[in-house]
Ligand code: DX5
Ligand code: ZN
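Residue numbers (the numbering used here): 351 to 582.
Structural data, given as structure tokens:
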């Protein structure tokens, strides 16, 4: 799947990559999670973004494998599972069995264990992703990028939905785009945090191929219109 995002022909002639949208269910109505997922699926979502928080890596606590296993029945869209966890490696198998299609671990949590994490995720039949906090420099993740199918750049401090997009991350997005193009590496380049109509445009211009959006989708009474507005 990652391979069809960017098609390189020649340096002068890069076909613009298709940009996709992953609504983050952190902003959905948790009392009707299945119905919310069916609604964004019908409204044109491309993936479902699932935020897992351990109350240690981030000061918030959300859901784990049992909930993911249940909501797996509500859509056929891929699950993009974002692990905001200090010790994600011990739980990879549980998330894979629950139905994750992408498992994204943080560079701040894994450091030099990133290649091992990517291998473990692939061995489970899942695509590996790496996430980077706003204040973490690109140089910290660069040596590991070739191991991953998805690069998730945080544009808010992780932990909560509804925060303001940090424009200070835009140079890092551009740098990641350049690195992926230069190395002909077809990974998905994703942004997460404060994505709305305006900031989506900035992120798309900087070269992202996947927009994660919580509040701007689930906070809109028309999910289809909200998703389309991110791509306009
Ligand atoms: C924040 C999460 C995000 C969050 C984004 O730590 O990783 O996925 O749901 O929410 P919005 O789009 O509301 O900033
Ligand atoms: Zn997230």
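Backbone N, C-alpha and C define an ideal beta-carbon position, used for all residues, glycine too.
| Check | Outcome |
| --- | --- |
| 7 angstroms Cβ cutoff met for residue 544 and residue 515 | yes |
| Residue of 487, 448 and 412 minimising C-alpha distance to residue 418 | 448 |
| Collapsed DSSP secondary structure at residue 432 in the structure displayed | strand |
| Residues near residue 352 by beta carbon distance below 8 angstroms, same chain, minus five either side | With a pLDDT of only 42 at residue 352, under the threshold of 50, the placement of this residue in the model should not be trusted; the figure read from the coordinates follows. Counting only Cβ-Cβ distances below 8 angstroms, and skipping sequence neighbours, we find 477, 499, 500, 536, 537 and 538. |
| The segment 561–576 touching the segment 516–529, judged by at least three CB pairs closer than 8 angstroms | no |
| Residues near residue 428 by beta carbon distance below 6 angstroms, same chain, minus five either side | 397 and 451 |
| Sequence-distant residues of its chain with Cβ nearer than 6 angstroms to residue 446 (five each side left out) | 474 and 476 |
| As assigned by DSSP and simplified to three states, the class of residue 361 | The predicted position of residue 361 is uncertain, since its pLDDT is 43 and thus under 50; a value taken from the coordinates is nonetheless stated next. In this structure, residue 361 counts as coil in the three-state DSSP scheme. |
| Own chain residues within Cβ distance below 8 angstroms of residue 372, not counting five before or after | 395, 396, 397, 398, 399, 430, 540, 560, 561, 562 and 563 |
| Between the CA atoms of residue 385 and residue 580 - distance to the nearest angstrom | 22 angstroms |
| Beta carbon of residue 527 nearer than 7 angstroms to that of residue 557 | yes |
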